[in-house]
Each structure stands twice: as C-alpha cells, then as structure tokens.
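Taking it in order: structure first as structure tokens, then the write-up.
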C-alpha cells in the first residue's frame, strides 16, 4: 500500500511539474515583448544627433537599441 501511495504521489508531482512548465512565468521576457515608447522620428533624430557628434546622455544610452530598431 505504501508503494502504491508513493507511486501515485510521484506521478501527480511529475504531472503538476509538466503542466507548470508549459505556462510562462510572470517575469518571463517572452511573455512581454519589448514595446518602444519612442516614435520612429525620435529615434532617427537621436541617431542623427549622435552621428553628428551632438550626443546627449539619452542618445548614448539608447543608441544601440535604436540602431537595432532602425535596422529591422
């Protein structure tokens, strides 16, 4: 009887683990895609300013991310 209960408990635990593995976690980055808060014009203006040497802190901080968005 103990063997049967142990086997049943292990089976239920493995099924619960498999079911939870299919669900995305609340902090998972795949569950929340990146959405830019800037318009394309703002991104281009910051890139142009950075390319001309008028780099602001904000344009330096987001230049690589903005360049990736423009390439896409």
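In the numbering used here, the protein residues as written are 251 to 322.
By construction, the Cβ of each residue, glycine as well, lies at the ideal position given by its N, Cα and C atoms.
Residue 285 counts as exposed, since fewer than 16 other beta carbons sit within 10 angstroms of its beta carbon.
Between residue 294 and residue 300, the alpha-carbon positions lie close to 10 Å from each other. DSSP, read as helix, strand or coil, puts residue 287 in coil.
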